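According to my numbering, the sequence shown is numbered sequentially starting from 681. All residues carry an ideal CB built from backbone N, CA and C; glycine is no exception. Computed from a predicted structure; not experimentally measured. To keep things clear, I will list the structure first and then write my remarks on it.
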Amino acid sequence: MRKKIILLTVLCMGMILSACGTQKEEVTELNISVAASLVNPIDEMIELYTKDHPVKINVNSGGSGTLKKQISEGADIGLFFSANEKYVVELIDEGLVKPSNKSNLIYNTLVVIKNKEAQTLNSLLDIKENGSMLAIGEVSTVPAGEYAKESLTNLGLWDELESSLIYGKDVTAVKTYVERGEVDYGIVYKTDAMNLENGEVMMTLPTDSYQEIVYSLASIEGYSNEAECLKFMDFIKSDTGKSILKNYGFEVSE
């Protein structure tokens, strides 16, 4: 009888240990907001990072100004990667980001792209003269649009071209307009122009015609999984993360 009891006890313990071994590790969910121009490298980082970490990372993308507004209004976001430093500075002023949790990580430049069927122009003024349209990001919410307006203004072209402009909700929309042939020309980041399928770069805008394009990465105060967000933020800033960003054409601060 004693042997039977011992045997049953051992069997029960084995079943308990087996059940524990088959339980899946608890997965943490992180919500992050990233500028539209960063979606591809961030997706690649997430795929690599989640192989070794029990984390599900949900990406909210769009124009940085829109994303910042969502965070200011209480969106459940733990990490913000903005295409314009000013939006992160505004969040610092609002007490939603610690200055120590902000990092200026990468840089970009502006180019003018055209649909493959569109005429190559020597001057942007020809856009108006030949009745074409130029797509840029919304100047109030899309950093690429803000930089484009600044560049065109400093080049003395804004007033001339304003009636020929079409605005996109983010830089990806601008690129799509051009690739689909909905407009002939558009202003996007250099990194967005690296994988055009039905378009090509027509010219690079002078870098002294707009302020330096600085992307800021920051964690949001009070997020429930802030510690996990900081770990992923460290991964983005690691040599591996920087290498991925470089592969997509970004200039990376060392």
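Reduced DSSP category for residue i - H, G, I as helix; E, B as strand; rest coil
i    : result
I924 : helix
A828 : helix
Y857 : helix
T702 : Because the pLDDT at T702 is just 44, under 50, the model does not fix this residue reliably, and the value given afterwards should be weighed accordingly. DSSP places T702 in helix when its eight states are reduced to three.
L805 : helix
N810 : coil
S780 : helix
Beta-bridge pairing of residue i - partner residues as DSSP gives them
i    : result
F915 : Answer is none; F915 lacks a bridge partner.
Y787 : V894 and E931
N795 : G879
T833 : T833 is not bridged to any residue.
T884 : V791
I737 : L710
8 Å contact criterion, which residue i and residue j should meet: CB distance rounded
i     : j    : result
D864  : S812 : 4 Å
G866  : K796 : Not a contact, Cβ separation roughly 13 Å.
E906  : S896 : About 18 Å; that fails the 8 Å criterion.
G742  : A716 : 6 Å
V894  : I793 : In fact, because the Cβ distance is near 22 Å, the residues do not count as touching under 8 Å.
Y1015 : E892 : For residue 1015 there is no data in the structure shown, the boundaries of the chain being 681 and 934.
N720  : Y857 : No, N720 and Y857 are not in contact; Cβ-Cβ is about 19 Å, not under 8 Å.
Closer than 6 Å: residue i CB and nearest the ligand NAD heavy atom
i    : result
G817 : Ligands in the displayed structure: none, and consequently the ligand NAD is not present.
Continuous alpha helix (DSSP H) stretch holding residue i: start and end
i    : result
S752 : S744 to S752
A712 : In the sequence under discussion, the amino acid at residue 712 is Ile, which differs from the Ala named in the question. Careful: I712 lies outside any alpha helix (DSSP H), inside the beta strand (DSSP E) at T708 to A715.
L776 : From DSSP, L776 is part of no alpha helix (DSSP H); its letter is neither H nor E.
For residue i, the first and last residue of its enclosing beta strand (DSSP E)
i    : result
L845 : L845 to G848
Y903 : No beta strand (DSSP E) contains Y903, which DSSP labels as neither H nor E.
I867 : Y865 to Y869
L759 : L759 to S762
Residue-chain proximity (residue i, chain D), Cβ-Cβ < 7 Å
i    : result
L804 : You won't find chain D in this structure, because it holds only one protein chain.
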